[in-house]
Amino acid sequence: MFKGSIVALITPFKNNKLDEDCYIALIHHHLNSGTSAIVPAGTTGESPTLSHEEHERVIELCVKESNGKIPIIAGTGSNSTDEAISLTKYAERAGAKAALVVTPYYNKPTQEGLYQHFKAINDNCSIPIIIYNIPPRSVVDMSVDTMARLFELKNIIGVKDATANLNRVDEQKKKMGSDFLQLSGEDATALEFNLRGGAGCISVTANVAAKLCSEFQDAALSKNNSNLLAKAKEINDKLMPLHKSLFIESSPSPVKYAASLLNLCSEDVRLPLVKVTERTKKVVKSALSHANLI
């Protein structure tokens with residue numbers, strides 16, 4: 009169910025408020041572009057600055073507008089275990105098919121703390137849970153052994169891996185087996201990630217290159233077809249400058265600027281994030297042109 013091009017959906021703002029009309033249009037853009045699943049209220053959706061009401065609303069809108077056509081994987085993580093449980097329970101009630109739960113940031117829990125945090129969420133919910141391991145943002149790195157312990161629990165099904173260490177794909181597959189879902193959290197390494205046993209990517213780039221990312225993932229996951237693999241490499245080369253440009257400054261500022269060029273939404277972000285510089289704008293625009301998107 010959870011594979012291919014999964015978009016980490018941006019949250020559009022207008023006058024610093026959630027722009028619901030634009031958000032609904034973005035959802036339908038992905039429904040019509042081959043996106044495999046949508047993640048509302050993730051890091052790319054600026055979850056740290058969404059109010060609780062907004063956080064719940066974007067999940068609700070995604071579930072309602074997708075109408076079962078593609079699964080919704082709700083971002084429900086927090087550095088507060090109680091808050092993560094509350095958000096995950098809401099996502100389950102709203103009809104999300106899974107929850108993406110980030111490792112607690114700022115607190116710097118031990119491996120045992122990480123285990124107990126995810127176990128508490130698991131024990132209080134019935135929805136499938138995907139661990140989001142992203143040391144550059146959360147400071148902590150969940151070990152493969154801790155992940156293996158969690159995989160024994162009823163609701164933990166896999167990981168969004170944003171460690172930037174491709175060897176982790178092999179280590180996690182060896183430890184947990186092929187039933188453990190592995191999704192890349194980095195567009196630039198998604199091809200190699202899939203070739204090593206991954207099932208897709210929770211993508212930032214898909215916000216502005218939905219169709220290309222969908223075609224790329226479909227080809228990249230056809231590992232035994234040399235023609236499709238060649239197609240995946242061709243698309244990957246076309247998208248690589250874009251992948252890189254979207255992280256010159258703190259995400260999602262660059263991808264929101266790119267989306268504004270495609271008339272998908274405004275470039276507005278919430279403080280402490282700011283709009284990208286003129287220098288970054290030139291790089292992003294050039295990358296969009298390289299991918300034949302503008």
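Residue numbers (this note's numbering): 9 to 302. Even for Gly, the Cβ is constructed at its ideal location relative to N, Cα and C. The structure displayed is predicted, hence computed values, not measured ones.
Start-to-end residues for the alpha helix (DSSP H) that takes in residue i
| i | result |
| --- | --- |
| S222 | A218 to A228 |
| K183 | N175 to M184 |
| Y31 | E28 to L39 |
| I93 | T89 to A102 |
| S121 | Correcting the residue type first, residue 121 is Gly in the shown sequence and not Ser. Looking at the DSSP string, the run of the alpha helix (DSSP H) that includes G121 is Q119 to N132. |
| Y140 | Element bounds for Y140: not the alpha helix (DSSP H) but the beta strand (DSSP E), I137 to N141. |
| A299 | Run containing A299: none; DSSP gives neither H nor E here. |
| S274 | It is not in any alpha helix (DSSP H) - S274 carries neither H nor E in the DSSP assignment. |
| S74 | H60 to S74 |
| A214 | Here A214 belongs to no alpha helix (DSSP H), and DSSP marks it neither H nor E. |
| V147 | Unbroken run through V147: none, as it is neither H nor E. |
| S86 | No alpha helix (DSSP H) contains S86, which DSSP labels as neither H nor E. |
Residue i classed as buried or exposed, judged by whether at least 16 other C-beta atoms fall within 10 angstroms
| i | result |
| --- | --- |
| M150 | buried |
| T118 | exposed |
| Q124 | exposed |
| R287 | exposed |
| E223 | buried |
| A198 | buried |
| D226 | buried |
| D195 | buried |
| V282 | exposed |
| N173 | exposed |
| K264 | buried |
| T285 | exposed |
| K289 | buried |
| S186 | exposed |
| N202 | buried |
| N175 | exposed |
| S44 | buried |
| M184 | buried |
| S234 | exposed |
| S297 | exposed |
Of the residues the options, the one placed nearest residue i, counting alpha carbons only
| i | options | result |
| --- | --- | --- |
| P56 | P260, V291, S297 and E275 | P260 |
| V12 | V109, I46 and P20 | Reading off the sequence shown, one finds Gly at residue 12, where the question assumed Val. Checked all of V109, I46 and P20; the closest Cα to G12 is I46. |
| S253 | V284, A218, T285 and V291 | V291 |
| P48 | S297, A16, I129 and D29 | A16 |
| V6 | A104, G42, I302 and V152 | One cannot answer for residue 6 here, as it falls past the ends of the chain, which runs 9 to 302. |
| E61 | E28, S88 and S44 | E28 |
| R101 | I67, S274, N232 and K183 | I67 |
| A106 | K183, I139 and L296 | I139 |
| K293 | L272, H37, E120 and A267 | A267 |
| L58 | N40, G121 and T84 | T84 |
| H37 | C209, L272 and G206 | L272 |
| I142 | D245, T51, L39 and G42 | T51 |
Residue range of the unbroken beta strand (DSSP E) whose run includes residue i
| i | result |
| --- | --- |
| K168 | I164 to D169 |
| V109 | A106 to V110 |
| A207 | First-last for A207: undefined, no H or E at that position. |
| L189 | L189 to S192 |
| A238 | Note, A238: premise wrong, no beta strand (DSSP E); alpha helix (DSSP H) at S234 to S253. |
| S13 | G12 to A16 |
| I46 | A45 to V47 |
Any chain C beta carbon closer than 9 Å to residue i
| i | result |
| --- | --- |
| L158 | The structure shown has no chain C; it contains just one protein chain. |
Whole-angstrom C-beta distance between residue j and residue i, which should lie under 8 Å
| i | j | result |
| --- | --- | --- |
| C221 | S211 | 6 Å |
| A217 | L301 | 6 Å |
| S192 | D169 | 6 Å |
| N87 | N115 | 5 Å |
| L122 | V148 | 7 Å |
| Q190 | V152 | Not a contact, Cβ separation roughly 11 Å. |
Any non-hydrogen atom of the ligand MG closer than 8 Å to residue i Cβ
| i | result |
| --- | --- |
| Y31 | Because no ligand of any kind appears in the structure shown, any question about the ligand MG cannot be addressed here. |
- So, do the region 277 to 290 and the region 241 to 251 have three or more beta carbon pairs nearer to each other than 8 Å? The region 277 to 290 makes no contact with the region 241 to 251: fewer than 3 CB pairs, one atom from each, lie closer than 8 Å.
- Would you check if the region 125 to 143 and the region 94 to 108 touch, i.e. whether three or more CB-CB distances between them fall below 8 Å? Three or more Cβ pairs drawn from the region 94 to 108 and the region 125 to 143 lie within less than 8 Å of each other, which places the two stretches in contact.
- Message: Assess contact between the region 58 to 78 and the region 233 to 240, defined as three or more Cβ pairs (one per stretch) separated by less than 8 Å. Is contact present?
- Response: No, because fewer than three Cβ pairs between the region 58 to 78 and the region 233 to 240 fall closer than 8 Å, the two stretches do not touch.
- Query: Are the region 100 to 116 and the region 18 to 29 touching by the rule of at least three beta carbon pairs closer than 8 Å?
  - Reply: Touching, no.
- Query: Is the region 28 to 35 close to the region 150 to 170, with three or more CB pairs under 8 Å?
  - Reply: No contact exists between the region 28 to 35 and the region 150 to 170.
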